[in-house]
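A quick write-up on the structure given underneath.
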Amino acid sequence: MNRSHIILLSFLLLNTSAELIGQRSLQEIPPPDPAIEAASFQVADGFEINLWAADPLLAKPTQIAFDPQGRLWVSTSRTYPQLNVNQEPDDQIIILEDLDRDGAADRSTVYYDNLLIPGGVLPDGNGGAYVAHADELIHLKDDDGDLKADRKQILLSGFGTEDTHHTLHRLRWGPDGLLYMLQGYYIGTHVETLHGPRRLNGGGLWYYNTRTRRLEIYSRGLVNPWGMVFDAWGQTFQTDGAGGEGINYSFPDSVFNASPLELRYLNGLNPGRPKLCGLERISGRHFPESWQGNLMANDFRANNIDRYVVAESGSGYVSTLKEDLLKSSHVSFRPIDLVMGPDGALYVADWYSPIIQHGEVDFRDPRRDQVHGRIWRITAVNRPLLVPPDYGQSSITGLLDLLKVEEDWVRLHAKQVLKNHDSQAVQRALREWLSQLDPSHPHFEHHRLEALWVYQTIAITPPAAWMEALLRSPDHRVRSAVTRFWYHEGDTLQNLEASVHDPHPRVRREAVTALGQIHSPSALTLALKVLDQPMDTYLDFALWRTCRLLEEDWVPAFKNGSLPLHAQVD
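Using our numbering, you'd call the opening residue of the sequence shown number 9 and step up by one each time.
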């Protein structure tokens with residue numbers, strides 16, 4: 009047993025013993041009445057909560073995601089934690105709709121069934137959806153518009169299935185147009201792809217290019233990561249459903265605890281905090297200004313929804329726990345996912361079960377609830393709800409104009425819908441749109457960043473001169489995103505030279521990480537130049553990681569004397 013396994017085992021024993029005793033002895037379980045559950049809620053001042061959907065409209069949600077049409081897609085599993093003997097898989101993807109706009113769902117449609125414990129669903133904005141299904145990533149397609157899948161395509165297979173609460177789950181679009189998805193610790197994944205085999209033992213975050221079908225590892229580690237979100241500038245944060253460090257700031261090639269055989273890892277931002285599930289960033293005009301940019305995460309064991317405020321610190325972030333958004337004394341309230349909705353409200357998926365332990369409590373324990381499920385809706389009091397855009401009726405220019413709005417999800421949906429248009433037509437419109445931007449606008453730099461992500465989403469390389477201008481942005485967050493773009497595109501040393509010497513540490517950290525993708529001794533030589541400026545925890549880790557990734561390139565050159573590293577560190 010290696011050091012990382014010993015540390016993980018000790019951590020799990022310390023953090024599960026009290027919970028395990030409580031779960032096994034639990035006897036007083038309230039009736040499954042939503043009104044009883046709602047009566048237990050204590051919502052933060054200035055907010056209210058209502059039941060948006062419940063059984064029989066859905067049961068046992070594992071993930072929720074809105075499509076551009078305002079419909080809520082739900083992956084569900086009555087089968088979890090294990091299929092019974094002689095039982096056929098019958099888990100479902102459900103679409104919920106609030107047709108009369110009264111703040112509650114009134115229609116439920118089974119989009120696809122006969123699934124086995126689907127861990128996540130993500131609509132593609134064009135009538136289809138991606139689904140994390142056991143050892144597969146599949147794509148479902150509705151050809152005739154009846155909200156029933158007509159075609160199923162297996163895109164990838166070989167994801168680990170050793171533990172049903174660690175299998176592939178929690179799908180999310182990135183602002184860059186890539187599909188991101190998570191897996192947990194007790195999983196060994198071995199996927200054959202068009203671009204070669206991809207392997208990940210233990211937890212981690214994947215990203216997948218739906219156009220090129222390239223699958224790559226974004227970050228490694230965490231015991232059971234079950235939440236991730238991007239901020240408005242493309243930085244990523246994660247939660248761990250079996251860890252205890254609150255919010256985790258991640259970036260490409262970052263490594264966290266419980267990553268097998270890794271010698272070094274990063275810590276979370278809130279040591280000692282409970283295990284968290286799901287993660288969402290508050291944005292948009294419906295929520296008060298003081299809540300903008302805050303992160304909401306589910307403390308599902310304590311039946312709460314936590315609120316965290318993150319702030320920049322060097323090349324990374326710090327996180328501060330604030331007052332809870334929601335507290336409950338109901339033992340079956342189990343918030344596992346939460347997303348911003350098209351009306352600006354926050355929607356919460358409630359697994360609803362008094363038993364949440366996986367292997368520690370018998371799979372056939374009669375107290376396990378395999379019938380019920382809820383979707384709750386949290387709104388701000390006396391603040392108008394939003395009217396969502398009609399993406400389908402918007403022109404390409406109209407969709408581009410949506411990139412200027414405050415709501416993260418509107419900008420994300422707009423880019424996904426643009427992906428369904430002719431890419432050359434989008435490129436022409438994008439160039440014209442960029443020429444009309446007002447440089448004096450307070451969000452001018454962010455508008456240009458959104459344009460970069462449009463280029464990525466439609467798979468067209470931006471003009472070199474425009475990229476050079478973007479790298480001279482006065483906003484370090486834009487310069488960081490440009491450097492991240494070069495990580496994905498595998499660009500040249502020349503393009504990363506300026507970023508390595510950038511005055512802001514996050515840009516330098518992005519550059520060092522990107523250099524880890526260029527297999528050349530010269531890449532390490534350039535990366536070492538960050539030592540000319542002050543270092544911090546994340547920069548130091550990124551440099552160490554890049555040295556490890558490029559080891560086969562620079563060590564032989566160092567041994568034969570063609571790479572005099574002493575000249576770089578004097």
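Note that CB positions come from ideal geometry on N, CA and C, so glycine has one too.
Just so we're clear, the structure is a prediction, and the values are computed from it rather than from any experiment.
Asked: Where residue 141 falls: helix, strand or coil (DSSP); Found: strand
Asked: C-beta atoms of residue 408 and residue 437 nearer than 8 Å; Found: yes
Asked: Rounded distance between the beta-carbons of residue 52 and residue 332, thought under 8 Å; Found: 7 Å
Asked: Rounded C-alpha distance that separates residue 29 from residue 363; Found: Note that residue 29 scores a pLDDT of 47, beneath 50, so its modelled location is shaky; the value from the coordinates is reported in the next line. Roughly 12 Å separates the two Cα atoms.
Asked: Contact set for residue 282: own chain, Cβ-Cβ below 7 Å, skip 5 residues either direction; Found: 252, 307, 309, 310
Asked: Integer-rounded CB distance, given that residue 248 should sit under 8 Å from residue 263; Found: Incorrect: roughly 13 Å between the Cβ atoms, too far for contact.
Asked: Residue range of the alpha helix (DSSP H) that includes residue 404; Found: 404–409
Asked: 3-residue-minimum beta strand (DSSP E) runs that sit fully inside the region 285–356, ordered along the chain; Found: 285–289, 303–307, 312–321, 324–336, 343–348
Asked: Nearest neighbour of residue 398, chosen from 471, 101, 78, 490 [CA to CA]; Found: 78
Asked: Residue interval of the beta strand (DSSP E) (run including residue 233); Found: 233–238
Asked: Neighbourhood of residue 518 by C-beta distance below 6 Å, restricted to the same chain and skipping five residues each side; Found: 488, 491, 492
Asked: Boundaries of the alpha helix (DSSP H) in which residue 493 is found, first to last residue; Found: 484–497
Asked: Buried versus exposed call for residue 454 [16 or more other C-beta atoms within 10 Å across all chains shown]; Found: buried
Asked: Residue 175 versus residue 383 - alpha carbon distance; Found: 23 Å
Asked: C-alpha gap between residue 211 and residue 565, whole angstroms; Found: 34 Å
Asked: C-beta atoms of residue 633 and residue 223 nearer than 8 Å; Found: Nothing can be reported for residue 633, as the shown portion of the chain is limited to 9 through 578.
Asked: Contacting residues, own chain, Cβ-Cβ under 7 Å from residue 118 (five flanking each side not counted); Found: 100, 102
Asked: Beta-carbon separation (whole angstroms), residue 235 vs residue 186, contact threshold 8 Å; Found: Incorrect: roughly 18 Å between the Cβ atoms, too far for contact.
Asked: The region 189–202 / the region 161–172 touching (three or more Cβ pairs under 8 Å); Found: yes
Asked: Cβ-Cβ separation, residue 214 to residue 226 (assumed contact under 8 Å), whole Å; Found: 6 Å
Asked: Reduced DSSP secondary structure (H/G/I, E/B, other) of residue 384; Found: strand
Asked: Unbroken stretches of the beta strand (DSSP E), 3 residues or longer, contained in the region 145–195; Found: 159–165, 177–181, 187–191
Asked: Nearest neighbour of residue 301, chosen from 237, 73, 84, 533 [CA to CA]; Found: 237
Asked: Distance CB(residue 352)-CB(residue 294) smaller than 8 Å; Found: yes
Asked: 8 Å contact criterion, which residue 173 and residue 64 should meet: CB distance rounded; Found: 25 Å between Cβ atoms; not a contact.
Asked: Spatial distance of residue 150 from residue 104 (CA atoms); Found: 16 Å
Asked: Residue 584 versus residue 38 - alpha carbon distance; Found: There is simply no residue 584 to check, as the chain begins at 9 and stops at 578 in what is shown.
Asked: Residue 322 beta carbon less than 8 Å from that of residue 513; Found: yes
Asked: For residue 562, the residue or residues it bridges with in DSSP; Found: None, per the DSSP bridge assignment.
Asked: Three-way DSSP call (helix, strand, coil) for residue 101 in this model; Found: strand
Asked: Residue 391 (DSSP reduced to helix, strand or coil); Found: coil
Asked: Residue 198 - DSSP class collapsed to helix/strand/coil; Found: strand
Asked: For residue 548, three-class secondary structure by DSSP; Found: helix
Asked: Cβ-Cβ separation, residue 292 to residue 414 (assumed contact under 8 Å), whole Å; Found: 6 Å
Asked: Cβ pair residue 531, residue 551 closer than 8 Å; Found: no
Asked: From 217, 40, 461, residue whose alpha carbon lies closest to that of residue 203; Found: 217
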